[in-house]
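Participant: Let me begin by handing over the structure; questions about it come next.
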Amino acid sequence: MARASDWTSKVMALIHAGNTQAAVAQIKVAPTIKDLTALQTVMKLSKMAGKYRQVDAAITDNLALLSAPRLHRSP
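Quick note: the sequence shown uses my numbering, first residue 256, plus one each step.
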């Protein structure tokens, strides 16, 4: 069985430390949509959603980008 990714906890540690620029950079290169939704859920549960607007916007934007169908496939 695969080990769960701890990407979400690492990004939350960046946010708690106040390093939102690094958190946004990590969100832009998120491994999967599942990790982004987990981060969004953790932000809501810890009542940090809305506190850091840049982070919330990055999560929303990248969820939309990863959810969109691809325009083409590589050969």
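Backbone N, C-alpha and C define an ideal beta-carbon position, used for all residues, glycine too.
Just to confirm the assignment, what range does the alpha helix (DSSP H) spanning Met-303 have?
Facilitator: Unbroken run through Met-303: none, as it is neither H nor E.
Participant: Going by CA-CA distance only, name the one from Asp-261, Val-284, Gln-309 that's closest to Gly-273.
Facilitator: It is Gln-309.
Participant: For Ala-313 versus Val-279, is the C-beta spacing smaller than 8 Å?
Facilitator: Against a cut-off of 8 Å, the Cβ pair of Val-279 and Ala-313 comes out as a contact.
Participant: Flag this pair as yes or no: are the beta carbons of Leu-294 and Thr-315 separated by less than 8 Å?
Facilitator: No, these two residues do not count as a Cβ contact at 8 Å.
Participant: Put Gln-295 into one of helix, strand or coil per three-state DSSP.
Facilitator: Three-state DSSP puts Gln-295 in a helix.
Participant: Does the separation of the CB atoms of Tyr-307 and Ile-270 fall below 8 Å?
Facilitator: Against a cut-off of 8 Å, the Cβ pair of Ile-270 and Tyr-307 comes out as a contact.
Participant: Can you tell me where the alpha helix (DSSP H) with Asp-316 in it begins and where it stops?
Facilitator: Residues 308 to 322.
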